[in-house]
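To start, the structure itself, in structure tokens.
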Amino acid sequence: MSRQVVRSSKFRHVFGQPAKADQCYEDVRVSQTTWDSGFCAVNPKFVALICEASGGGAFLVLPLGKTGRVDKNAPTVCGHTAPVLDIAWCPHNDNVIASGSEDCTVMVWEIPDGGLTLPLREPVITLEGHTKRVGIVTWHPTAQNVLLSAGCDNVILVWDVGTGVAVLTLGPDVHPDTIYSVDWSRDGALICTSCRDKRVRIIEPRKGTVVAEKDRPHEGTRPVRAVFVSDGKILTTGFSRMSERQVALWDTKHLEDPLSLQELDTSSGVLLPFFDPDTNIVYLCGKGDSSIRYFEITSEAPFLHYLSMFSSKESQRGMGYMPKRGLEVNKCEIARFYKLHERRCEPIAMTVPRKSDLFQEDLYPPTAGPDPALTAEEWLGGRDAGPLLISLKDGYVPPKSRELRVNRGLDTGRRRAAPEASGTPSSVRGWGSRGVGAGRWGRAGVCGSSNSQQWGAFGGWEWVILRTRKTGFRFKSCRSPGSNWLRDRRAHGLGFL
1 MSRQVVRSSK FRHVFGQPAK ADQCYEDVRV SQTTWDSGFC AVNPKFVALI CEASGGGAFL
61 VLPLGKTGRV DKNAPTVCGH TAPVLDIAWC PHNDNVIASG SEDCTVMVWE IPDGGLTLPL
121 REPVITLEGH TKRVGIVTWH PTAQNVLLSA GCDNVILVWD VGTGVAVLTL GPDVHPDTIY
181 SVDWSRDGAL ICTSCRDKRV RIIEPRKGTV VAEKDRPHEG TRPVRAVFVS DGKILTTGFS
241 RMSERQVALW DTKHLEDPLS LQELDTSSGV LLPFFDPDTN IVYLCGKGDS SIRYFEITSE
301 APFLHYLSMF SSKESQRGMG YMPKRGLEVN KCEIARFYKL HERRCEPIAM TVPRKSDLFQ
361 EDLYPPTAGP DPALTAEEWL GGRDAGPLLI SLKDGYVPPK SRELRVNRGL DTGRRRAAPE
421 ASGTPSSVRG WGSRGVGAGR WGRAGVCGSS NSQQWGAFGG WEWVILRTRK TGFRFKSCRS
481 PGSNWLRDRR AHGLGFL
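The sequence shown begins at 1 in UniProt numbering and counts up by one.
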């Protein structure tokens with residue numbers, strides 16, 4: 001009689017431990033919007049979650065240590081005019097977060113150390129270029145100020161947040177239907193996407209070329225999610241023809257057949273994968289589930305090994321995932337999730353049981369640090385680099401707030417300036433019909449446009465320009481802090497500012 005050999009793994013006994021009640025975030029109103037994103041983003045300083053808001057879209061940002069009951073009047077980030085669908089913290093600045101919304105815009109916000117004391121309505125920059133709601137925002141893992149957004153217009157835009165310019169566009173010719181997921185490779189050279197047309201694509205975004213694709217990685221009609229994992233592989237979650245949930249591992253060089261395909265259950269929630277490159281563990285969290293499954297990926301067959309499952313009584317409405325530098329290494333914590341309930345956010349620590357209190361080097365290899373490896377210009381010029389690694393042996397202390405510098409002198413985040421209108425006064429030259437450049441004022445500040453009206457702020461001043469066919473550009477109003485509105489000044493008379 002043969003005996004079954006149990007595979008040896010240091011992660012076989014990983015277990016999940018929910019936080020005590022006083023370490024949770026209570027009385028938060030999680031968004032009721034139907035959308036397959038995590039609705040939560042965390043970093044070593046803050047936890048952010050998309051919340052219910054009347055008359056627009058909002059999300060709540062709390063300092064990580066500010067647990068307990070959240071005041072119902074707690075200030076929110078509330079600049080969007082429609083529900084927020086996705087949020088993402090910048091990996092290179094723990095005070096900067098991006099949001100995508102049903103109002104078709106992407107906004108980038110700067111959160112002060114200590115959190116908000118007043119509602120935050122003015123973003124650092126607004127990025128307009130999508131014509132339908134924006135459901136995905138994700139930062140480049142190694143290049144500074146590079147942000148990707150994907151909308152229901154089947155378009156992917158890559159932004160240089162430092163200038164507000166959409167530097168790359170992947171149009172509907174690449175994705176003919178709704179984009180379900182987008183994930184960067186570890187060095188940011190490639191992106192992996194899943195689409196409603198039942199294809200998973202691996203794309204070189206700077207060239208706009210599809211380097212590999214797989215038709216119908218899962219036979220079902222429900223959404224598929226795809227992420228990069230280690231050694232040139234991707235992992236997908238989806239549904240079988242019989243609506244069974246599946247997870248599959250693929251070699252990107254040979255996409256004909258999966259390296260591993262496992263059926264899980266018959267639940268209907270889309271599985272959100274979270275991959276840890278330091279431990280090669282992937283965690284699967286389904287919206288509407290009450291469990292977190294985790295698997296280990298190895299370089300030898302059968303490649304994808306089921307480890308265990310954390311279960312709880314209440315189902316999850318969303319999930320946030322803490323970067324490795326935000327974990328408690330003295331407790332052998334290898335992952336931490338932030339589970340969204342209907343009115344609560346609950347941290348869940350995934351821990352490897354160890355007897356020693358010493359630093360466990362085998363659990364914590366050098367991990368991605370907060371400094372970018374490349375500038376946006378270097379990446380756009382063709383350079384690639386992996387993340388700059390740091391050691392967690394002595395713990396990690398988040399740095400103080402670093403200002404996000406945005407140069408809007410030539411563009412205001414409305415993608416690219418439109419051609420200059422004939423007869424435009426010299427003082428407003430460069431202000432196209434969709435955005436505002438610097439004119440003769442030098443660098444412009446927060447800017448925007450609505451129909452034929454344009455507005456902005458710089459140096460504490462606020463101004464509005466109204467454009468009509470009869471009078472051309474006309475100065476509608478301006479003010480400085482504490483002053484009365486000044487009205488009916490023509491645009492070419494703005495030199496007094």
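Beta carbons are placed, not taken as given, at the ideal position from N, Cα and C, and that holds for glycine.
Alpha helix (DSSP H) segment containing residue i, residue limits
i, result
"Ala-376", "376 to 380"
7 Å CB neighbourhood of residue i in its chain, flanking five on each side removed
i, result
"Ile-269", "Sequence check: residue 269 is Gly here, not Ile. Hits under 7 Å: Gly-286, Lys-287, Gly-288 and Asp-289."
"Arg-12", "Leu-307"
"Arg-216", "Lys-198"
"Asp-384", "Asp-187, Gly-188 and Ala-189"
"Thr-67", "Asp-22, Gln-23, Cys-24 and Tyr-25"
"Asp-371", "His-92 and Leu-388"
Sub-8 Å separation of residue i and residue j beta-carbons
i, j, result
"Val-84", "Asp-27", "no"
"Ile-281", "Thr-252", "no"
"Leu-255", "Leu-271", "no"
"Tyr-396", "Pro-44", "yes"
"Gly-326", "Tyr-338", "no"
"Thr-237", "Pro-273", "yes"
"Pro-176", "Asp-160", "no"
"Asn-145", "Arg-402", "no"
"Ala-82", "Gly-56", "yes"
"Thr-367", "Ile-390", "yes"
"Leu-259", "Val-247", "no"
"Arg-344", "Cys-24", "yes"
"Val-211", "Glu-219", "no"
"Ala-41", "Ala-88", "yes"
"Leu-392", "Val-329", "yes"
"Gly-100", "Ser-149", "yes"
"Thr-279", "Ser-243", "no"
Delimiting residues of the beta strand (DSSP E) encompassing residue i
i, result
"Phe-228", "225 to 228"
"Trp-159", "156 to 160"
"Lys-339", "333 to 340"
"Ala-373", "That residue, Ala-373, is in no beta strand (DSSP E); it is neither H nor E in DSSP."
"Cys-192", "191 to 195"
"Leu-168", "165 to 170"
"Ala-98", "96 to 101"
"Pro-347", "344 to 351"
"Lys-313", "Lys-313 -> no beta strand (DSSP E), and no H or E assigned at all."
"Asp-183", "179 to 184"
"Leu-127", "125 to 128"
"Arg-199", "199 to 204"
"Met-107", "105 to 110"
"Ala-143", "From DSSP, Ala-143 is part of no beta strand (DSSP E); its letter is neither H nor E."
"Ala-212", "209 to 215"
"Asp-173", "No beta strand (DSSP E) holds Asp-173; DSSP gives it neither H nor E."
"Leu-85", "84 to 89"
Beta-carbon separation (whole angstroms), residue i vs residue j, contact threshold 8 Å
i, j, result
"Glu-342", "Val-47", "Contact flag wrong, Cβ pair sits at about 17 Å."
"Asp-86", "Val-137", "5 Å"
"Phe-39", "Gly-318", "3 Å"
"Leu-157", "His-140", "Actually they are not in contact, since the Cβ atoms of Leu-157 and His-140 sit about 13 Å apart, beyond 8 Å."
"Ser-37", "Gly-135", "7 Å"
"Ala-19", "Glu-346", "6 Å"
"Thr-169", "Asn-154", "Wrong, their Cβ atoms sit about 11 Å apart, outside the cutoff."
"Arg-206", "Leu-380", "7 Å"
Contact set for residue i: own chain, Cβ-Cβ below 8 Å, skip 5 residues either direction
i, result
"Phe-15", "Ser-308, Phe-310, Met-350, Thr-351 and Pro-353"
"Arg-405", "Gly-162"
"Thr-76", "Cys-51, Ala-53, Ala-58, Phe-59, Leu-60, Val-61, Leu-116, Pro-119 and Leu-120"
"Asp-276", "Val-282, Tyr-283, Lys-324, Ile-334 and Ala-335"
"His-305", "Arg-7, Ser-9, Phe-295, Glu-296, Ile-297 and Thr-298"
"residue 537", "A query on residue 537 cannot be resolved here, the shown segment of the chain reaching from 1 to 497 and no further."
Sequence-distant residues of the same chain with beta carbon closer than 6 Å to residue i, five excluded per side
i, result
"residue 505", "A question about residue 505 goes unanswered here, because the residues of the chain that appear run from 1 up to 497."
"Thr-105", "Thr-126 and Glu-128"
"Glu-102", "Ala-82, Pro-83 and Arg-133"
"Arg-7", "none"
"Leu-147", "Ala-98, Trp-139, Trp-159 and Val-161"
"Arg-415", "Residue confidence for Arg-415 is low, a pLDDT of 40 falling below 50, so the modelled location carries little weight and cannot support an answer."
"Glu-110", "Asn-95, Val-96, Val-124 and Leu-404"
"Ile-292", "Tyr-283, Cys-285 and Phe-310"
"Thr-33", "Pro-83"
Cβ-heavy atom distance, residue i to the ligand MG, below 7 Å
i, result
"Val-174", "Summarising the ligand content, the structure contains no ligands, and the ligand MG is consequently not present."
Unbroken stretches of the beta strand (DSSP E), 3 residues or longer, contained in the region 221 to 306: Segments of the beta strand (DSSP E) lying fully in the region 221 to 306: 225 to 228, 233 to 239, 245 to 251, 260 to 263, 271 to 276, 281 to 286 and 291 to 297.
Only counting runs of 4 or more residues, tell me where the alpha helix (DSSP H) segments fall wholly within the region 17 to 81, in order along the chain. Complete alpha helix (DSSP H) runs here, min 4: none at all.
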